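So the structure is just underneath, and the comments pick up after that.
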Amino acid sequence: MNEQAKKYWKEFWQGEFPPTDVTAEQWGWEGTPIADELADLILKGIKTASCSSYDECLYYDEDPLSKIGSYTIVLNSKDEPVGIIKYTDMTIMPMNEVTDEIARAEGEGDLSYDYWYKVHKQFFRELMPQIGKEFYEEMPLAVERFELINAKEI
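Now the structure itself:
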């Protein structure tokens, strides 16, 4: 976590002992306008869900279910903190069972399932070979639900 994020986290808790289960990260592709677009959707309350390949989580020894109740400091493309989210729910489900409601909660594009499926299929087709796996429509996803706790005043 960079110094700006640490400072923001400490200031947010105003002298209380802040929780230690916190990360700081850019969303989407780091250092690109997509990171800013996704951060903006989170700050506007449009994006309240995200998903990851469950196989990718296992590849990096991450247990997505352990995220429930933890926090993430959302960073923009310049690694500046812009908000804090708290994970409220996590579900493992096949990609082809994602619902219209989940696609809408991801907050991207026209909020439709068709848009969601198209861009996620493309993303996972590029990602999976990087971890020695193949894309398939039933591949398990870790679907994360979160709420915006604080939007930093800029």
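Heads up: the sequence shown begins at -6 in my numbering, then just goes up one per residue. All residues carry an ideal CB built from backbone N, CA and C; glycine is no exception. It should be emphasised that the depicted structure is a prediction, and the values quoted were computed from it without experimental measurement.
Taking a contact as a CB-CB distance under 8 Å, the pair residue 47 and residue 133 counts as one, their CB atoms being some 4 Å apart. Following the DSSP letters along the chain, one finds residue 71 in no beta strand (DSSP E), marked with neither H nor E. Here the alpha carbons of residue 104 and residue 94 stand approximately 9 Å from one another. DSSP, read as helix, strand or coil, puts residue 90 in helix.
Per DSSP, residue 139 is not a residue of any alpha helix (DSSP H); the beta strand (DSSP E) it occupies stretches across 133 to 144. Residue 125 and residue 56 have their C-alpha atoms some 19 Å from each other. Under the DSSP assignment, residue 18 falls in the beta strand (DSSP E) whose first and last residues are 15 to 19. Fewer than three Cβ pairs drawn from the region 56 to 72 and the region 108 to 120 lie within less than 8 Å of each other, which leaves the two stretches out of contact. Residue 60 is not a Cβ neighbour of residue 86, given a cutoff of 8 Å.
Residue 16 sits exposed, since fewer than 16 C-beta atoms from the chains shown fall within 10 Å of its C-beta.
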